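Asks: Supplied in structure tokens, the structure appears directly below.
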Amino acid sequence: MYFQSLPERQFFPFFPSPGGGTTGPTQGPPSTPPPFTPPGQGFNPPGQGQDAGPPSSPPPSFVPAESQQLQQAETFAVDPGSIRGCLFRFTYIWLRDGQQFWFYPTFVGRRSVSGYRWNGFRWLYFGISLRQIRSFTCV
24 MYFQSLPERQ FFPFFPSPGG GTTGPTQGPP STPPPFTPPG QGFNPPGQGQ
74 DAGPPSSPPP SFVPAESQQL QQAETFAVDP GSIRGCLFRF TYIWLRDGQQ
124 FWFYPTFVGR RSVSGYRWNG FRWLYFGISL RQIRSFTCV
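Numbering-wise (our numbering), the sequence shown opens with residue 24 and increments by one.
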């Protein structure tokens, strides 16, 4: 359903109107359809394919042991290359503030990681700075 309550020109005066030009309120949807995009080639967040949704099952029912070696070595931030090996795998995360949880990473950037965090009932989309992660292990 398409409706128009206020002219877009009021908020974006520098954008051209659907009929061309840059003056006057728009009269409805554009007269030409948007360019064709082949199936499976639409927009996806960085590094995410069509099937980058949450896992279809809960995480494992156990809590892995945190490596004592990693706890003793205080790092500034987790290296993106190290956690990249856990993409699309169940990963247990320990944060510097004491929180710990199951995570399913779907994207690793230079300074952050995003994916799905298990809240005990379902997967929720979640992102976090690599600086906040104390340690992690993937299964």
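Where a beta carbon is used, it is the ideal one built from N, C-alpha and C, also for glycine.
Predicted model only: the values in this text are computed from it and were never measured.
Taking the alpha-carbon of residue 76 as reference, which of 120, 112, 153 has the nearest alpha-carbon?
Replies: Of 120, 112, 153, the residue nearest in Cα terms is 112.
Asks: Can you say whether residue 143 is buried or exposed, counting buried as having 16 or more other CB atoms within 10 angstroms of its CB?
Replies: Under this definition residue 143 is an exposed residue.
Asks: Can you give me the start and stop residues for the beta strand (DSSP E) that residue 128 sits inside?
Replies: 123-131 is the extent of the beta strand (DSSP E) around residue 128.
Asks: To the nearest angstrom, how far is the alpha carbon of residue 157 from that of residue 118?
Replies: Those two C-alpha atoms are separated by around 5 angstroms.
Asks: Looking at the secondary structure, which residues open and close the beta strand (DSSP E) in which residue 157 lies?
Replies: Segment 156-161, the beta strand (DSSP E) holding residue 157.
Asks: Compare the Cα-Cα distances from residue 103 to each of 80, 125, 130, 121 and report the closest residue.
Replies: With distances taken between Cα atoms, residue 103 lies closest to 130.
Asks: Taking 6 angstroms as the limit between beta carbons, can you name the residues of its chain near residue 109, skipping five residues before and five after?
Replies: 128, 161, listed in sequence order.
Asks: Sorted by chain position, which residues of the same chain lie with C-beta nearer than 7 angstroms to residue 135's C-beta, five sequence neighbours on each side aside?
Replies: If we look at residue 135 and ignore the five residues flanking it on each side, its Cβ neighbours are 150, 151, 152, 153.
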